[in-house]
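Chains as they are written, first to last, in our numbering: chain F, 982 to 1285; chain Y, 251 to 464; chain W, 20 to 516; chain V, 2 to 660. Ideal placement from N, C-alpha and C gives every residue a C-beta, glycine not left out. In this text, all values refer to a predicted model and were calculated from it rather than measured experimentally. Everything below concerns the one structure shown next.
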Amino acid sequence: MTIVLRLINPILGLIAAPLLLGIINKTKAGFAGRTGQPLLQSYYDIWKLFHKGAVYSRSTSWIFVAGPLIGLGATVAAATLIPFGALPALVAFNGDFLLLVYLFGLSRFFTVLCALDTGSSFEGMGASREVTFSALSEPALLIGLAAVARHTSSISLSQMFVSTTSDTWLEWGPVSVLVGLALLIVLLAENCRIPVDDPNTHLELTMIHEVMVLDHSGPDFGFILYAAALKMWLLGQILVGVAVPVHSGNPWIDTSASLICMGLLAILVGAIESSMARLKLLHVPQLLVGATTLSILALVLLPR
Amino acid sequence: MNNTADIVMIFLVLTNLILLGSSRLIACIRTVAVQGIVLGLLPLLLNGWSLELHLVIFSAAIITLKGIVFPWMLTGTLRDLKTQREVEPFIGYGISIVLGTVILMICMWLGSRLPLSGPATSPLIVPVVFFTIMSGLFLIVSRKKALTQVLGYLVLENGIYAFGVALVDQQPMLVELGILLDVFVAVFVMGIAIFHINREFDHIDTDKLSGLRS
Amino acid sequence: MIRALLLIPAVAAVLSLVIRNALLRRIILVLTAIGHTAMTIAAWHTDPAPLLDGWLMLDKPGLLFLTITSILFLACSLYAFGYLAGEAGKRKQDFEEGVLFTNAPGAVFCACLELFLATMTLVTVSRHIGLLWVAMEATTLASAPLIYFHRHHRSLEATWKYLLICSVGIALALLGNFFMAIAASKPGSEGTAIVVDILIRKGQTLNIPWLKAAFLFFLVGYGTKMGLAPLHTWLPDAHSESPSVISALLSGALLNCAFLGILRSYQICAAAGQSEFCRDLLVLFGLMSIGWATVFILGQTDYKRMLAYSSVEHVGILALGVGIGAGATFGAMLHAVNHSLTKAMLFMAAGNILAVYKTKTTTEVRGVLRVLPVTGVLWIAGFIAITGMPPFGMFVSEFTLLRAMIEQGRIGIAVAFLAMLALIFVGMSVAFLNMAQGKGEKELHLNGKSDSSDKSESVFAVFPPMLLGALTLMLGLYIPTAVNELLHGVASAIGGY
Amino acid sequence: MTLFFGGLIILLVGGFASLLAGRRPGLASSLGAASAVLGSMVAVIPAFRILSNGLTESSRLRWNLPIGSFFVQIDPLSAMFLIPILGLSAVAAIYGAEYLSIYREKRNLGVPWFFYNLLVIGMMLVVVARNGVLFLVAWEIMSLASFFLVTFEYERQMVCRAGCIYLIATHIGTAFLIVFFILLGCQAGSLDFDAVPPMSSSLAGVLFLLAVVGFGTKAGFMPLHVWLPYAHPAAPSHVSAVMSGVMIKTGIYGLVRALTILGAPPAWWCWLLIAIGTVSGILGVLFALAQHDLKRLLAYHSVENIGIITIGLGVGLLGVNMNSPTLAVLGFAGGLLHVVNHAVFKGLLFLGAGTVLRSTGTGHIDLLGGIIKRMPWTGLTFLIGSMAISGLPPLNGFVSEFLIYLGAFKAGLTGGSEAVISALIVIGGLALIGGLALACFTKAFGVVFLGHPRSSHAEQAQEGGWGMKSSLVILAALCILLGVLSPLVVKSAANIVSEITSLPLEQVRTELATVSTVLMYVVIASLILLGTVVFLIILRKRLLSGRCVRQAVTWDCGYAEPSSRMQYTATSFAQPLTDLFRLFLRTHKTISPPKGVFPGESTLHTETEDICERYVYQPAFKWISSALSGLRWLQHGRLQVYVLYIALTLWILLIWKLM
């Protein structure tokens, strides 16, 4: 029974992940005064890609094929580590978020390798940016989580979320704000949203994530899109879990509240995207270092 | 007999000062020779002309060696080398003498630091011996010619010798003669060396002998 | 037996002066060495009877240094056997300035070599310090012609400096003898023969100021000969200009003999309760020597001079060890053995290199390992040994020294010692490794040596250094019990353990 | 113990045999390799036994050296180091037998094999020696043997330089160790480790510093690491694998052994270790990122990993100091586990790099590319190695870093403010290191193995023979196994950790049990990952079945035929990060940019010197040598002056002493 219960959460994630992109796009359209693409557009895209053939560059090797699979696999595995609202994580243990971070690392590793495998200079460029920014965002994420861990005195995501209650806000409000901000920046950076990257630019020179997957096509590309959406969902879960502690005791309320918060988060991202422009690439590191300092502050400011 | 010893000592001091001051090599050689002869007589003097056999042999050996053989050898070399007969000092004669007197003072002080136990034959001995040694070294250091350095070595030797003869009770014959032999061979080899130096460098100025450095 | 030890080389010397046949002379030379070594080994088993009512006697320190001398001489004679065959009396081109020069006649060389051995033996066996002095001066005179074997002006200059500086020094040591006699003489009483044992027995009754003065004169006198800075000045010149085999003997055997002279006087002072006085001086001179060597080894461009300065360093270490006293004394004695073996080995290897590359400039020698495989290996091994790395003996001795220093809480000295050793290591490693490694063809051509004729390494050129290297390697891994006992005996004889 | 000595003797005999057989390369090579493998296999048996049953075996023989005694002892700690040493040596020997065969004509192959076996013997003795003199002798034998292996190709100027730097560095390090051991033995009178009495805290502090410097030079702590990036590229690849994989670990071993001897640690030791570890880790990976030579890059990664290990030790020490067993166990277990893991994957990577080097003839990353198609085995194994060293799950590299992370988080949870600070440093440091390592190895693997060949070197690449392939495969398999079986592996650390931390064994066992359950979950997650991937593979096959799958040129925004020159180079790949950290890297760029309407030849060349060498050591040595050469006038050849020296010395002494 418990296993089934525990399975709900990842499955929910797997199903609902692409929806976030839809919400974001809708929001942006709203800001732009367009009707915009339908909410479920990402589902359609993925479905379409799954039913296409594939074109491979001659310079690629088996790495290029393996990349998307492992990338998605890692993300799915990561999905089993995060609780959501009242839904427990499939596996919860001390330091599970470390595994989470490094699973993301695994998928990034292969995405980058695929990019380099094509031998295209643009994809190499994107890869180089990707590794640079992720190397900087990793400390921010981990230290931020350390702060959370310290003020919930637990080093397992499930524990953390359970023990972040509404009164943590009352007590450590500023700290939570700092952590929340840091996590938000990390979320934006990791998912290549504005202000770090512009997902729907059309100039390869300025892309980061998109340019890395230029040569993927068909199901592989579908996997990639899906993995991206899922990653967004997961980081969102963490942010929500830390920032919006709803523990009414009633599982339905909690879960639905969390779902709503995810929606709000998506809208927030959309708002950010349509309200501000993309940073110069040279300024992105400063943003990320800023995030790191935020989380360091959070960790240090915590009263002993 | 104290005074005899004193006389000898004073004589030594004078000869040293002469050496420091004299400019002609041949003169230096002769002075050293005289010094040697006096030293040879010293054992007999100290023992009040008691002609014991080994003493006689001994002083005879010294006199022949220091008074005759060495000067003869050195003059011989000097004759062979067709170089000018000046000493060629780094430090002028006048200053040399002044320095010599200064050194003499230091030596007096040193002598006072080393009190002789028992019936001191002469209070002058220790300082004078130090002075002789020092002036020998001074000759080596302050003169250019290899020959002068041999002379300096001889003076050094004389000083040490004077000390041995004057103060130390009889050393066994073997050692004495061994020492003499060594000195002899030393001077002999040095003579040869000087000969070669002259052949190689066409002079015996040792300031040219500084090719090997650091 | 002592008589035999003294007579064998002396007679041989006379023989080789009269014999005309060069080969026969060389054979005699080797035979002398073998006989001498045999007698020495015999002396290990039954300690020989004293001669001349105890003036000539072989005590433990004497035996130690006699053994070193004898072994070295054996190796050197073998080396010289091959060397002289190559250095026949033809006029040769001097490779530094291109002037022509001849060698000293082989007869003189052999005779002086054997005389040198005789005199050094006399140094080790004589207990009468006057006799010791005579022998010491004799070693100078016997070795001077050896240094002037290659008759060109640089070697002449070296010889002249050696002669004069050492003679002056030794003369001072003679004064030391007399002072010692004064110190020993009782007011009124008849004078005593200055034999070490008697003086030690008289111990407390000696006249302290004179004794101190005597030790100072001994230190300066024999220190000149031993090569303690700043009295060592003759040493680099003589070592670099003399034939390598002679350099090996000078630095392996002669320096030790001079050291023996200092040790004797130290024994007497210690008996008179003045050991502190002497040991401070020894420490001072030891450190000065090591420092001086450091200065001149770093960036030294002439590898034979570098070896010479390393000798200065190591006699400094000997003095330091005896000065530290206690456990360090043992270390110092062991170090004396190791240094002699290693340094002789290195000088022989240097001789082989010199013979092929025709230059003493470090930077002009490359690729010894390829051109002269065996010599190259010996060169590297010698480098490892001389810098006190395991598994060679010098590591053990230096380790013992350091241990004694630190146990006595003389941290400052220990640190300075280590620092200087490290600097010396840097200097030497750069020079040695660059010489051994690399291609080497270019350098050979550059020095006008492309013919492979004298690239072949003869047995006589490589076997003796191999032997010495093997010995010091053994001392690094396992010290035979007999040697260990002897070393401890010596150490206790000069007030350590 | 008998088996251990048996292995030792096999190695020794084999070494000498191959030295004697040097004239016949084939025979020498096979003799050396066979004896190395056999000896290691024999000697590793007792190590495993002792690690499992936790009993200590020792034997003490008389040794005719002053204060030396042949006192050897295998306790769990020694065993734990013996296993990687012997294992990697055996594998590398298999590899080397083939690797060296190209020198057949030029070289006497007996020599390298002799020194190889000597190196193994040295390392074995170092970890089992329990007497100062024995330890130092073994230590120097190890160093010298490795020196001779580094200078195997001694004709090349660069190799000579590397050897010289290595020798000087290791010698100076040893000087500190000599002082360390003497001081240690001072009270005891004997230099046996078990004879050391409890000492005052100040003395312990001095000893600790000496140990850090002395052992750190060998291990490659950051300011002392200068020799590493020279020695590893210079050595033959199987030797660099052994040196980087296990030899530098003897430094870590020495440090840990010193910690067991020195008694209770004060807090500053932990902070020092953590600081050193973090600095070494971050700077190491940064410099690795900036390198162009594959083996030099790997060498700098050794510095990084040594840093991680040191962080682990620091965390463990912190636990001992705060007497929080969990922390101690996590730290030490993580650090020591990383020792083993690093031995495996760094060995793998160096061997892979060796294969590349041997078949393409260059180690310059920007000249390679696309060789995974020509050497699939090497490619796959190198990929696994890269993933492991970047600490990606489910491979072994992740496990050890994971444990250290956990320790840091625990410290952050429980401890006071200074614990939080150190936790902060550790977490941030490890995170940064992880990210940068990922960047560095995507660069290394991606540019070397993927894309188009960038030069004729890369085009002529072909796969190594069976010897080389098999050793690569063995190590790669170990990377996976150590990762997947980590729950069992960590359990075996109980004896060691309790020996180091002197915690009761039972407590350590329970702590480790919890750790291993955590790791169990990690493995479960990894299995989920695996299952998903398998599912996706099937899915993809189903989806693509019956659809058209075409080959085409890479999409390059409309260029006609992309040439291999148009690929992104390693330099440009790393450029954003190197620019970001230019404060430390001080990369020199020499650019001739394209000019004019029809730009001609234009080049960019970057070079990154080591800051420590550039700004610390070189100036220091320059200064010393100039200062000393200022004294050379003292001996300028004038006889008179020399005699004056004598006279002055005499008179000064007389006046001074007779005052």
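- Assigned with DSSP and collapsed to three states, residue 291 (chain V) falls in coil, not helix or strand.
- With fewer than 16 other beta carbons inside 10 angstroms of its own, residue 461 (chain V) counts as exposed.
- DSSP, read as helix, strand or coil, puts residue 556 (chain V) in coil.
- Contact with chain W is absent for residue 279 (chain Y), since none of that chain's Cβ atoms lies less than 8 angstroms from the residue's Cβ.
- One thing to note: residue 1063 (chain F) has its Cβ within 8 angstroms of the Cβ of residue 1219 (chain F).
- Contact between residue 334 (chain V) and residue 513 (chain V) is confirmed by a C-beta separation of about 7 angstroms, below the 8 angstroms threshold.
- With the rule of 3 Cβ pairs closer than 8 angstroms, the region 1138-1146 of chain F does not count as touching the region 254-268 of chain Y.
- Excluding residues up to 5 positions away in sequence, 387, 390 and 391 lie with their Cβ nearer than 7 angstroms to the Cβ of residue 442 (chain V) in the same chain.
- In this structure, residue 339 (chain V) places its C-beta atom within 8 angstroms of the C-beta atom of residue 310 (chain V).
- At least one C-beta of chain V is nearer than 8 angstroms to the C-beta of residue 340 (chain Y).
- For residue 64 (chain V), no alpha helix (DSSP H) run applies; the uninterrupted beta strand (DSSP E) run containing it begins and ends at 58-66, by DSSP.
- Residue 325 (chain V) sits buried, since 16 or more C-beta atoms from the chains shown fall within 10 Å of its C-beta.
- Annotation: residue 536 (chain V) to residue 446 (chain V) spans about 27 angstroms, alpha carbon to alpha carbon.
- When Cβ pairs closer than 8 angstroms are counted between the two stretches, the region 638-655 of chain V is seen to touch the region 387-400 of chain Y, the count reaching three or more.
- The C-alpha of residue 320 (chain V) is placed about 8 angstroms away from the C-alpha of residue 412 (chain V).
- Counting the other Cβ atoms within 10 Å of the Cβ of residue 382 (chain W) gives fewer than 16, which makes it exposed.
- Taking C-beta separations shorter than 6 angstroms and ignoring five residues to either side along the sequence, the partners of residue 95 (chain W) in its chain run 264, 267 and 268, following chain order.
- At the C-beta level, residue 335 (chain W) and residue 302 (chain W) stay beyond 8 angstroms of one another.
- When CB distances to chain W are screened at a threshold of 9 angstroms, the residues of the region 141-169 of chain V falling below it are 141, 142, 144, 145, 149, 152, 155, 156, 157, 158, 160, 161, 164, 165, 168 and 169, in chain order.
- Counting C-beta pairs with one atom in each stretch, the region 224-236 of chain W and the region 251-259 of chain W have fewer than three that are closer than 8 angstroms, which means they do not touch.
- By the rule that beta-carbons nearer than 8 angstroms mark a contact, residue 407 (chain V) touches chain F.
- In the structure shown, residue 653 (chain V) adopts helical secondary structure according to DSSP, grouped into three states.
- Residues of chain W with a Cβ closer than 7 angstroms to the Cβ of residue 446 (chain Y) are, in chain order, 175.
- For residue 158 (chain V), the enclosing alpha helix (DSSP H) starts and ends at 158-189.
- For residue 69 (chain V), there is no enclosing alpha helix (DSSP H); the enclosing beta strand (DSSP E) has its first and last residue at 69-75.
- By the Cβ criterion, the region 276-292 of chain V is in contact with the region 420-435 of chain V, since at least three pairs of Cβ atoms, one from each stretch, lie closer than 8 angstroms.
- Against chain Y, a Cβ distance below 7 angstroms from residue 186 (chain W) picks out 403 and 436.
- Residue 995 (chain F) and residue 1239 (chain F) have their C-alpha atoms roughly 16 angstroms apart.
- DSSP places residue 238 (chain V) in the uninterrupted alpha helix (DSSP H) bounded by 238-243.
- Straight through space, the alpha carbons of residue 608 (chain V) and residue 358 (chain V) are spaced by roughly 21 angstroms.
- Contact annotation: in the region 349-365 of chain W, residues whose CB is within less than 9 angstroms of a CB in chain V are 349, 350 and 353.
- Interface annotation for the region 238-257 of chain W against chain Y: 255 and 256, criterion Cβ-Cβ distance under 8 angstroms.
- Judged by DSSP secondary structure, residue 411 (chain Y) falls outside any beta strand (DSSP E) and instead within the alpha helix (DSSP H) spanning 396-417.
- When secondary structure is reduced to three states using DSSP, residue 1175 (chain F) falls in the coil class, being assigned neither helix nor strand.
- Straight through space, the alpha carbons of residue 351 (chain Y) and residue 624 (chain V) are spaced by roughly 45 angstroms.
- For residue 463 (chain Y), the nearest CB of chain V lies under 8 angstroms from its own CB, placing it at the interface with that chain.
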